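For what it's worth, UniProt numbering labels the leading residue of the sequence shown as 1, then goes sequentially. Encoded as structure tokens, the structure appears first; notes follow it.
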Amino acid sequence: MALVRMRNMKGPNNTEIEKKIKRGNALRQGSAWRGYRGLVALLLFALSVCGASTWWYLSSLDRDVTETLVRRGELVSPQPRVFTVECSEDYENYQRYPGCTPQTCGRAVTDGVVTREEAQVLKRLAERGLALAGSEGGASILDLHSGALSMGRQFVNIYRYFGDDIGDVFTKEDFELYRDVRGRIQAVVAETFDLDPSLMYLTKPTFFSRINSTEAQTQHDEYWHPHIDKVTYGSFDYTSLLYLSDYGSDFTGGRFIFMDQNGNRTVEPRAGRVSFFSSGSENLHRVEKVAWGTRYAITVSFTCDPAHAISDPALP
Ligand SMILES: *[C@@H]1O[C@H](CO)[C@@H](O)[C@H](O)[C@H]1NC(C)=O
Ligand SMILES: *[C@@H]1O[C@H](CO)[C@@H](O)[C@H](O)[C@H]1NC(C)=O
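Structure below.
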């Protein structure tokens, strides 16, 4: 396609050049040197046309491979930006739950559900919690539901390990905001995919993540591999991510990438941005390695199977 365009571009340019040469010959009265200088100029011109079209061809190739679905600087509000994709067959291996099991699949992004101020409060909560321990590698998690917190090369249970002292780290208001935000995320997922919100349930793992550029020490730190949530966790039906920091200013790298057959599509994180999608293989994805800074996010997962439901966290 682009090669055809290049040939078309060359055609008129060649005749243009010929015309110019003819005109040059007719007008030539000066020295042979002046004519030679003219030819050099024409040659340079022809070369730059070729160079420009090659550059244009290569950069259009690059655009085909990676498309940005939502940029950091955009504000998607009040309605989510929705991209539908055909559902995979993954859901057929599980019991169907009318009103919840995906019938329409896709991905969506919204900045209209959680404010930047709320994201800031939740980020501070994550900072305080993760400051209690953290992974030796670049990726740490804190799960307020199960109590799991990365520590060194493994995990501890914050509720058991820190006991009542945990009340000094988190407040009742923190937990209320967390519950409220997860309810709003559930509502927007239900509305977008046309589900009954009372038939979808929070499931595990639902957790905070903190990622920086430190080398992975164990497999738990390797967050960047392409994966399918429904294959990794059979109970997942919808996955959502709430970003708590900004791509480009708090960290670089760390973009979310949907890996489609015909190209990669990225979402640039922004504090308060919620990105959500059906969990089957129609949404194979990965997170780009964080190159600089620290990236905070919350993964909020939903299932249609009541047997896999988990409850909201509560302070002991
Ligand atoms: C990443 O975070 C860990 C834990 O806070 C810290 O020890 C490490 O120095 C950080 N790495 C970089 C590159 O900032
Ligand atoms: C998407 O990106 C991966 C690397 O992350 C690359 O290997 C793959 O070829 C890309 N897909 C397409 C269709 O360009």
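All C-beta atoms, glycine included, are put in the ideal place defined by N, C-alpha and C. Here the structure is a predicted model, which means the values were calculated and not measured.
- Task: Take Q79 as the anchor and find which of S311, S275, D250 and S213 has the nearest alpha-carbon.
- Result: Within the sequence shown, numbered from 1, the residue matching residue 79 stands at position 79. It is S275.
Point to revise | Start and end residues, beta strand (DSSP E) containing E67 | key: Along the sequence shown, read from residue 1 onward, the residue named residue 67 stands at position 67. Start and end: T66 to V70.
Residue nearest to residue 324 in terms of C-alpha spacing, selected from A309, C304, L315 and I310: Residue 324 is absent from the model: the chain starts at 1 and stops at 316.
- Query: Are three or more beta carbon pairs between the segment 203-220 and the segment 142-162 nearer than 8 Å?
  - Reply: yes
Contact between the segment 118-128 and the segment 182-202: three or more CB pairs below 8 Å? no
> Relative to the C-alpha of V300, which residue among W292, I310 and G152 is closest?
Replying inline: Here the question's residue 300 lines up with position 300 in the sequence shown. Nearest option by C-alpha distance: I310.
#### Entry: Length-filtered (4 minimum) alpha helix (DSSP H) runs lying within the segment 155-201
158-162, 166-169 and 172-193
Inter-residue Cα distance where the pair is A148 and G163
For the purposes of this step, residue 148 is taken as residue 148 along the sequence shown, with counting starting at 1. For the purposes of this step, residue 163 is taken as residue 163 along the sequence shown, with counting starting at 1. Spanning the two alpha carbons is a distance of roughly 13 Å.
May I ask you to report which of helix, strand or coil DSSP gives I17?
-> As a working note, residue 17 is residue 17 in the sequence shown. With a pLDDT of only 49 at I17, under the threshold of 50, the placement of this residue in the model should not be trusted, and no figure is reported.
- Identify the continuous alpha helix (DSSP H) that holds T232 and give its terminal residues. Sequence index remark: in the sequence shown, residue 232 carries index 232 (1-based). From DSSP, the alpha helix (DSSP H) with T232 extends over D229 to T232.
Figure out for me which residue from W292, P306, F277 and E136 has the closest Cα to the Cα of R107.
Looking up residue 107 in the sequence shown gives position 107. Of the candidates W292, P306, F277 and E136, the one whose C-alpha sits nearest the C-alpha of R107 is F277.
- Message: The beta strand (DSSP E) that contains R273, what's its start and end?
- Response: The residue labelled residue 273 in the question sits at position 273 within the sequence shown. Where R273 is concerned, there is no enclosing beta strand (DSSP E), given that its DSSP letter is neither H nor E.
Worksheet item: Of the residues E67, Q261 and G137, which one's Cα is nearest the Cα of Q219?
Response: Position 219 of the sequence shown, counting from 1, holds the residue named residue 219. Minimum Cα distance to Q219 is reached at G137.
Q: Work out the CA separation of S88 and S281 for me, nearest whole Å.
A: Walking along the sequence shown from the start, residue 281 turns up at place 281. Walking along the sequence shown from the start, residue 88 turns up at place 88. Whole-angstrom Cα-Cα distance: 6 Å.
**Study point:** chain D within 8 Å of R286, Cβ atoms only
**Key:** Of the protein chains in this structure there is only one, and it is not chain D.
Residue range of the unbroken beta strand (DSSP E) whose run includes R286
The residue given as residue 286 occupies position 286 in the sequence shown. Counting along the chain, the beta strand (DSSP E) containing R286 begins and ends at H285 to V287.
Q) Where do the N-terminal and C-terminal ends of the beta strand (DSSP E) with V290 fall, by residue? A) As a first step, residue 290 must be located in the sequence shown, where it is residue number 290. Counting along the chain, the beta strand (DSSP E) containing V290 begins and ends at V290 to G293.
_Residues near Q29 in its chain [Cβ-Cβ closer than 6 Å; skip 5 each side]_ = Taking the first residue of the sequence shown as position 1, residue 29 is located at position 29. At Q29, the pLDDT of 47 sits below 50, so the modelled position is not reliable and the matter cannot be decided from this model.
Cβ distance (whole Å) where A314 is taken to contact F193 below 8 Å:
In the sequence shown, the residue the question calls residue 314 occupies position 314. In the sequence shown, the residue the question calls residue 193 occupies position 193. Not really, about 29 Å apart at Cβ, beyond 8 Å.
- Please list, in chain order, all residues of the same chain as V76 whose beta carbon is under 8 Å from its beta carbon, the five residues on each side excluded. Sequence index remark: in the sequence shown, residue 76 carries index 76 (1-based). Result list for V76: V70, V109, T110, D111, G112 and R273, in chain order.
Is S213 a contact residue of ligand 1, with contact defined as CB to any heavy atom under 7 Å? Here the question's residue 213 lines up with position 213 in the sequence shown. Flag set: Cβ of S213 near ligand 1.
* Relative to ligand 1, is the shortest distance from any of its heavy atoms to the C-beta of G129 smaller than 7 Å? -> In the sequence shown, counting from the first residue as 1, residue 129 sits at position 129. Checking the Cβ of G129 against ligand 1 gives no.
Would you say N262 touches ligand 2, meaning its beta carbon is less than 7 Å from a heavy atom? Position 262 of the sequence shown holds residue 262. Correct: N262 has its Cβ closer than 7 Å to ligand 2.
Notebook entry, point to check: Does ligand 1 have a heavy atom nearer than 7 Å to the CB of G134?
Noted result: Position 134 of the sequence shown, counted from the start, is the residue given in the question as residue 134. Correct: G134 has its Cβ closer than 7 Å to ligand 1.
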